[in-house]
Amino acid sequence: MESNKYKINFKIEYQQWLQYFSSVEKPNLSQSWHYGDAKMKSHRWKIIRAIVSENEKPIALIQVWYKKILFFKFARISYGPLWIIPTPSLEQIQAIFYIIKKQWCLKKLCVLSIAPNLKNSSENNNVLENLGFFKRKGMQYESGLIDLTQSIETLRCNLRQNWRNQLNFAEKKELIFTVSDYDSDFQWLIACFNTFRNEKNFYGHSVKLLRALWQSNTEYQKTNVGFVTHHNEKVAGILIAQSGASCVPLIIWVNKNGRKLNAGNFLLWNSVLYSKKQGTLWFDLGSIINNTFKTGLPHIPFQLIGEYYGFI
């Protein structure tokens, strides 16, 4: 690995970031510009953005959140870096994570927490461990991507059979799917989400962050509310964040009446169709750990490498 072959540039503007972000084949929300801005507004993180080049050719984007506590800096990279190139080699992976570790380390009074955007493999784990990263115990993130370039007929044909049967049932129940950018519908969904997570005793996404994302819609990165009504009653809702070529649901909520009507199937299927119609290429299911409902959709499963710390 030649030391002068790879360089990191912290001078990157919004339009330049968008240009490279749009070329990422499978982008993720947490490395998008507007997600970083939402983190700043909602939780007062500061943001550093950079582009890494190999022989002057850009190969990866990195967005780092950080906070200062006394003399120390706590830095976080969530599902980064984003690879501009299709398939990075082990040498490129090693070079970029070497640069990351060099930039955010104890020598610079910094502790780094990182969830690398790397598939869970022995080779990738070895690269990080050899660079001195320490793996955090816990479950690796698992999700699935729906390829929206497929025809609607192919997507429907590849639904899990019982999932398709439930969808068929729901489609006979006079359900209506609507996408909204009204703030009143967002506030309704957040209220439902808060009640649900209090009942089930889980945290989920920060409401402050969700609100900041909702308020930061642009032409290129949007957050929309979708909901299902039955005889004028809202029985299910979803919050979908679109970023680059990909979108991901941040909230999925179904009430008791909606569950009887299989409104969750109707909601998610129509959300997929809506995203496809908008020109999105990938529908990211979000976490699918212990979730048999979302996995009923035709998806390409993947597991990321997990969480690491960089100290020295």
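Mapping of the sequence shown onto numbering that gives the first Met the number 0: position 36 corresponds to residue 35, and the numbering continues sequentially without gaps.
We put the CB at the ideal spot given by N, CA and C, even for glycine.
So which of the options has the shortest CA-CA distance to residue i?
i: S179; options: R196, W103, I239; result: I239
i: S286; options: N125, S142, Y181, V227; result: S142
i: L296; options: F282, H42, H230, E232; result: F282
i: N125; options: S242, I92, T148, I189; result: I92
i: L144; options: V227, T279, A49; result: T279
i: S22; options: H33, F96, L60; result: L60
i: I47; options: K40, S41, W64; result: W64
i: F20; options: S112, S242, T228, N193; result: S242
i: G309; options: V247, S150, V110, I189; result: V110
i: N269; options: K255, N256, I288, V227; result: V227
i: K107; options: Q15, I151, I99; result: I99
i: L303; options: A114, I50, Q149; result: A114
i: I7; options: G79, V51, P87, D182; result: V51
i: I11; options: K38, A49, W103, A37; result: A49
Determine the direct distance from the alpha carbon of residue j to that of residue i, and round the result to whole angstroms.
i: K134; j: S77; result: 15 Å
i: C191; j: I83; result: 38 Å
i: G236; j: I250; result: 8 Å
i: W187; j: F195; result: 12 Å
i: Y307; j: L284; result: 23 Å
i: E128; j: W252; result: 40 Å
i: S245; j: I299; result: 14 Å
i: F71; j: K101; result: 16 Å
i: L81; j: N116; result: 7 Å
i: N197; j: T291; result: 22 Å
i: S121; j: F73; result: 28 Å
i: F301; j: E232; result: 36 Å
i: L89; j: Q18; result: 25 Å
i: K172; j: F265; result: 10 Å
i: P85; j: T294; result: 26 Å
i: D146; j: V247; result: 13 Å
i: K363; j: K40; result: In the structure as shown, the chain begins at 0 and stops at 311. Residue 363 is therefore absent and cannot be evaluated.
i: S112; j: N123; result: 17 Å
i: G305; j: F132; result: 12 Å
For the alpha helix (DSSP H) holding residue i, just list the boundary residues, first then last.
i: F73; result: Careful: F73 lies outside any alpha helix (DSSP H), inside the beta strand (DSSP E) at 71-79.
i: G263; result: 262-276
i: F168; result: 160-169
i: Y34; result: 32-42
i: L124; result: One detail in the question is off: residue 124 reads as Asn in this sequence, not Leu. Per DSSP, N124 belongs to the alpha helix (DSSP H) from 121-129.
i: L154; result: 151-156
i: Y219; result: No alpha helix (DSSP H) contains Y219, which DSSP labels as neither H nor E.
Between which two residues does the beta strand (DSSP E) containing residue i stretch?
i: F301; result: 299-302
i: E198; result: From DSSP, E198 is part of no beta strand (DSSP E) but of the alpha helix (DSSP H) over 182-199.
i: I92; result: It is not in any beta strand (DSSP E) - I92 instead sits in the alpha helix (DSSP H) that spans 89-102.
i: W252; result: 245-253
i: E53; result: 45-53
i: Y5; result: 5-8
Give me the DSSP bridge partner(s) of residue i.
i: R210; result: R210 pairs with nothing; no bridge assigned.
i: W82; result: A59
i: G309; result: L111
i: L174; result: H229
i: D283; result: L144
i: L237; result: According to the sequence provided, residue 237 is Ile. The question's Leu does not apply to it. Paired residues: G225, I251.
i: Y65; result: K45, A74
i: S22; result: Answer is none; S22 lacks a bridge partner.
The segment 49-64 / the segment 272-289 touching (three or more Cβ pairs under 8 Å): no
Inter-stretch contact at 8 Å, needing at least 3 Cβ pairs: the segment 199-210 / the segment 12-32: no
The segment 253-263 / the segment 166-184 touching (three or more Cβ pairs under 8 Å): yes
Cβ pair count under 8 Å reaching 3, the segment 212-224 against the segment 196-203: no
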